[in-house]
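Notes follow the structure.
Residue numbers (full-length UniProt numbering): 1 to 140.
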């Protein structure tokens with residue numbers, strides 16, 4: 001059954017396999033060139049508008065074991081997060097020698113007062129906003 005779902009997803013009929021990992025922790029030969037970039041797109045707790053967008057960069061080769069484990073725990077999701085007025089929005093980029101993969105928090109479509117939906121803003125997939133918040137906390 002999993003093979004059928006994977007084949008349908010690959011055919012581009014709109015069906016997506018949910019729950020895929022962002023980084024599986026096994027591509028050790030790619031680690032030297034891989035960089036994790038986490039961008040806090042909007043943080044309403046910051047009174048200074050210039051401090052509301054924060055970028056944290058972490059080369060995987062320099063990541064601690066807990067940081068690598070936390071990254072390996074991030075999974076794609078199709079479940080939209082509820083919109084909240086004090087929401088923080090995240091974008092995660094995996095930059096590798098072969099290219100970049102973008103992910104956004106699953107509350108991404110709540111920006112600008114939207115009520116939600118399935119807009120990943122051009123990213124590959126959503127990641128649970130709480131899991132991304134925990135990962136960002138490890139980087140600060």
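Glycine included, each C-beta is placed from N, C-alpha and C at the ideal position.
Check your understanding: In three-state terms, what does DSSP make of residue 93?
Key -> Indexing the chain shown from 1 puts residue 93 at position 93. It is a strand residue.
Review point. In terms of alpha-carbon separation, which member of 109, 103, 124 lies closest to residue 131?
Key: The count along the chain shown starts at 1 and reaches residue 131 at position 131. Checking every option, the nearest Cα to that of residue 131 belongs to 103.
Practice item. Could you work out which residue in 89, 82, 63, 73 is closest to residue 54 when comparing CA atoms only? Key: The sequence position of residue 54 within the chain shown is 54, counting from 1. Residue 54 has its Cα closest to that of 89, out of 89, 82, 63, 73.
Review point. From residue 69 to residue 96, what distance separates their C-alpha atoms?
Key: Residue mapping note: residue 69 aligns to position 69 of the chain shown, counting from 1. Residue mapping note: residue 96 aligns to position 96 of the chain shown, counting from 1. Cα-Cα distance, rounded: 18 Å.
Check your understanding: For the alpha helix (DSSP H) that residue 130 lies in, which residues bound it at each end?
Key -> Taking the chain shown and counting its residues from 1, one reaches residue 130 at position 130. Judged by DSSP secondary structure, residue 130 falls within the alpha helix (DSSP H) whose first and last residues are 129 to 139.
Practice item. Measure the alpha-carbon distance for residue 100 versus residue 23 and round it to whole angstroms. Key: For the purposes of this step, residue 100 is identified with residue 100 of the chain shown, where counting begins at 1. For the purposes of this step, residue 23 is identified with residue 23 of the chain shown, where counting begins at 1. For residue 100 and residue 23, the distance between alpha carbons rounds to 13 Å.
Review point. Which two residues bound the contiguous alpha helix (DSSP H) that contains residue 66?
Key: Here residue 66 corresponds to residue number 66 of the chain shown, with the count starting at 1. Residue 66 -> alpha helix (DSSP H) spans 65 to 72.
**Study point:** Spatial distance of residue 127 from residue 105 (CA atoms)
**Key:** Translated into positions along the chain shown, residue 127 becomes position 127. Translated into positions along the chain shown, residue 105 becomes position 105. The alpha-carbon atoms of residue 127 and residue 105 are separated by roughly 5 Å.
Check your understanding: Quick one, which of 62, 72, 60, 34 has its alpha-carbon nearest residue 134's?
Key -> On the chain shown, residue 134 is found 134 positions in, with the first residue counted as 1. Across the set 62, 72, 60, 34, the C-alpha of 72 shows the shortest separation from the C-alpha of residue 134.
Point to revise | Three-state class that DSSP yields for residue 56 in the structure shown | key: As a first step, residue 56 must be located in the chain shown, where it is residue number 56. Look at residue 56 here: in three-state DSSP terms it is strand.
Check your understanding: Looking only at its own chain, which residues have a Cβ that is under 6 Å from the Cβ of residue 93, when we skip the five neighbours before and after it?
Key -> Sequence index remark: in the chain shown, residue 93 carries index 93 (1-based). 37, 100, 102, listed in sequence order.
Review point. Beta carbon of residue 123, beta carbon of residue 107: below 8 Å?
Key: Translated into the one-based positions of the chain shown, residue 123 becomes position 123. Translated into the one-based positions of the chain shown, residue 107 becomes position 107. Contact flag unset, no.
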